[in-house]
Amino acid sequence: MKASVKWTDGRQFVAESGSGHSVVIDGPPDHGGRNTGPRPMEMLLMGLGACTSFDVLEILEKSRAPVVDCVATIEAERADSVPSVFTRIHVHFTVSGTGLKENQVKRAVELSAEKYCSASIMLTKGGVDVSHSFTIVEE
1 MKASVKWTDG RQFVAESGSG HSVVIDGPPD HGGRNTGPRP MEMLLMGLGA CTSFDVLEIL
61 EKSRAPVVDC VATIEAERAD SVPSVFTRIH VHFTVSGTGL KENQVKRAVE LSAEKYCSAS
121 IMLTKGGVDV SHSFTIVEE
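Here the UniProt record's numbering is used: the first residue of the sequence shown is 1, the next is one more, and so on.
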């Protein structure tokens, strides 16, 4: 994998993935940014949410679970001192469908957290307390 990050001005950057997709990353005005994009640490959380959601959906689809929606809400705490690393992250899935089985959703979330989600496992190995939960919504 490769990526590039080009400084534009202030604290704004344009990041480009190796697959050719771009995103603007920026800081808040009180740190020289213009608030034109997510903060770098927010991008890490969004990447984690997408990584684990990808797994959960793939696992549920392989088990033929009737999923119609899946939203991952991520909350994090950071250290008070520099470096202000993540100390705790909680991912909550809201999975919607008709007749979803709790054991299927639970298994998908656990497999993602413990076996498949590279982002979650990497953060855990780095000392971050990463936890997961889920709610099933009947559609």
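Just so it is clear, CB atoms sit at the ideal spot from N, CA and C, and this is done for glycine as well. All values derive from a computational prediction rather than experimental measurement.
As assigned by DSSP and simplified to three states, the class of residue i
i, result
"Thr52", "helix"
"Arg107", "helix"
"Gly32", "coil"
"Gly97", "strand"
"Ala79", "coil"
"Ala65", "coil"
"Lys115", "helix"
"Lys125", "helix"
"Ser120", "helix"
"Glu139", "coil"
Pair within 9 Å by beta-carbon distance, residue i and residue j
i, j, result
"Ile89", "Ala76", "yes"
"Ala65", "Ala108", "yes"
"Gly10", "Val24", "no"
"Cys70", "Thr94", "yes"
"Arg78", "Val67", "no"
"Leu100", "Ile136", "yes"
"residue 140", "Glu61", "It is not possible to answer for residue 140, since the shown part of the chain is limited to 1 through 139."
"residue 181", "Gly49", "No information on residue 181 is available, as it lies outside the stretch 1 to 139 that the chain covers here."
Option nearest residue i by Cα separation, candidates the options
i, options, result
"Ala15", "Pro40, Phe86, Ile59", "Pro40"
"Pro29", "Leu57, Ala50, Gln12, Thr124", "Gln12"
"Gly20", "Ser53, Thr8, Met1", "Met1"
Whole-angstrom C-beta distance between residue j and residue i, which should lie under 8 Å
i, j, result
"Thr87", "Asp129", "7 Å"
"Gly47", "Ala119", "6 Å"
Short CB-CB distance (under 9 Å) between residue i and chain B
i, result
"Glu77", "Note that chain B does not occur in the displayed structure, where there is just one protein chain."
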